[in-house]
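Novice:
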Amino acid sequence: MGELPPFQRVDKAQLARRFGAAARRYDAHAAFQREVGQALLGWLPAHSDHLLDLGCGTGHFLPMLAARSHRLTALDLSPGMLDEARRRGSGASLLCGDAEALPLPGGQFDTLFSSLALQWCERPERAFTEAGRVLKPGGRLFFSTLLAGSLHELRAAWQAVDGAAHVNRFLERAALERALLAGGLVIERLEVHPWQLRYGAVEGLLRDLKGIGASQVNEAPRGGLGGRARLAALADAYEQNRVDGTLPATYQVCLAVVRRP
Ligand SMILES: C[S@@+](CC[C@H](N)C(=O)[O-])C[C@H]1O[C@@H](n2cnc3c(N)ncnc32)[C@H](O)[C@@H]1O
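Residues in the sequence shown are numbered consecutively from 1, following UniProt numbering.
1) State yes or no: is the beta carbon of Leu65 nearer than 9 Å to at least one beta carbon in chain D?
2) Among residues of its own chain, excluding the 5 on either side of Met1, which ones have a beta-carbon nearer than 6 Å to its beta-carbon?
3) Determine the burial state of Gln119: buried for a count of at least 16 other Cβ atoms within 10 Å of its Cβ, exposed for fewer.
4) Mapping DSSP to helix, strand and coil, what is Ala46?
5) State the DSSP-derived secondary structure class of Phe61, mapped to helix, strand or coil.
6) From the DSSP output, in three-state form, read off Phe113 for me.
7) Just verifying my parser: in three-state terms, what is the DSSP assignment at Phe32?
8) In terms of alpha-carbon separation, which member of Gly204, Val186, Arg88 lies closest to Gly138?
9) So is Leu234 buried or exposed if we call it buried at 16+ other beta carbons inside 10 Å?
10) With DSSP as the reference, identify every bridge partner of Arg189, one or two as the case may be.
11) Beta-carbon separation of Leu44 and Phe109 under 9 Å?
12) Output the distance between the C-alpha atoms of Gly80 and Ser150, rounded to the nearest integer angstrom.
13) When burial is assigned at 16 or more other CB atoms within 10 Å of the CB, is Pro5 buried or exposed?
14) Below 7 Å CB to CB, which residues in the same chain sit around Leu205 once its five sequence neighbours on both sides are set aside?
15) Mind reading off the beta-carbon distance from Tyr238 to Val202? Whole number of angstroms is fine, and I expect it under 8 Å.
16) For ligand 1, any of its heavy atoms closer than 8 Å to the Cβ of Glu100?
17) Assuming Ala22 and Gly211 form a contact by the criterion Cβ under 8 Å, report the distance between their Cβ atoms to the nearest whole angstrom.
18) Take the Cβ of Arg87 as the centre, count every other Cβ of all protein chains shown within 10 Å, and call the residue buried at 16 or more, exposed below.
19) With DSSP run on the structure shown, which of helix, strand or coil describes Gln108?
20) Going by DSSP in three states, Leu147 sits in which element: helix, strand or coil?
21) Can you find the residues in the same chain that come closer than 8 Å, C-beta to C-beta, to Arg178, ignoring five residues on each side of it along the sequence?
22) Less than 9 Å separating the beta-carbons of Leu190 and Val257?
23) Going along the chain, which residues of its own chain have a beta-carbon closer than 8 Å to the beta-carbon of Gly184, five neighbours each way excluded?
24) On the DSSP letters alone, give me the boundaries of the beta strand (DSSP E) that Ala74 sits inside.
25) Using CA coordinates, which residue listed in Leu209, Ala157, Gly55, Glu122 is at the minimum distance from Arg242?
26) Can you name, in chain order, every residue of its own chain whose Cβ lies under 6 Å from the Cβ of Ala16, other than the five neighbours on each side?
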């Protein structure tokens, strides 16, 4: 059976370094990530035997996951993020690894939790295949991810400045569903919610994106206007979105529960 082409090319070492460099200041810029993870937590069963946090970042959710599980393992691609999670001391076993090639034996978890990490995968169906492999039969993956249309205001504003995308691509819902199917997982519940953040100025949004280490995977071409002029042109282009004195930044957030049959 032919493999699907990669959704995007990701330099994993570079991604891990960028997230690692942001680890210390991540939480100050991660109000959106906390909100989404909190919503996903609300979907989780009250108790799991062995739970894995896939893409745990700074470990913000680990104490809450520990309260819902007998045993907790947390994995992230970025050693810098794991250092931060370790510094906070969550009681979880921490592991460095890639969601697309999990360094874990199969069939050991009854629950996987993954909030806003899977959108960084090169081949989402590989991550879902891996999730299915490490789950026990009947075990479930609870995840949140971003879908196409996320940050459309920023994408359009950059487009107006230099014709380049600058914003990462995100899967369409149908492609996500195909990837889940290819990974052998059964969808129990899948919802997409537009999630609107409000900023006084576009710089606030850029600061948050940089602050959490979410720099671009699909690198934009350089050139044209220099730093300050580019930013001014971007601010100008973004301005047309202003409503009631603030600038919206919209994410299409997918929350889902999928099961290994
Ligand atoms: C936006 S942060 C979210 C962290 C945390 N789940 C939260 O909600 O605060 C994304 C995290 O996913 C991790 N990540 C990205 N690609 C990954 C991969 N292929 N495997 C494991 N972790 C990955 C990054 O290192 C980063 O810590």
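Ideal Cβ placement from N, Cα and C applies to all residues, glycine included.
In this text the structure is predicted, and so the values were computed from the model without any measurement.
Specialist: Based on what the coordinates show:
1) Although the question refers to chain D, the structure presented lacks it and comprises just one protein chain.
2) Reliability of the predicted coordinates at Met1 is poor, the pLDDT of 49 falling under 50, and no value is obtained from them.
3) Buried: at least 16 other Cβ atoms inside 10 Å.
4) coil
5) coil
6) strand
7) The answer is helix: DSSP assigns Phe32 an H, G or I state.
8) Just measuring C-alpha positions, the residue of Gly204, Val186, Arg88 sitting nearest Gly138 is Val186.
9) Classification for Leu234: buried.
10) Val257
11) no
12) 26 Å
13) exposed
14) Leu154, Tyr199, Ala249
15) 4 Å
16) yes
17) Yes, Ala22 and Gly211 are in contact; Cβ-Cβ is about 6 Å, under 8 Å.
18) With fewer than 16 other beta carbons inside 10 angstroms of its own, Arg87 counts as exposed.
19) coil
20) Residue state, collapsed to three classes: strand.
21) Leu4, Glu125
22) yes
23) Leaving aside the five residues that flank Gly184 on each side, the residues in its chain whose CB is nearer than 8 Å to its CB run, in chain order, Phe128, Thr129, Gly132, Arg260, Pro261.
24) 69-76
25) Ala157
26) Within the same chain, Ala16 has close Cβ partners Leu77, Ser78.
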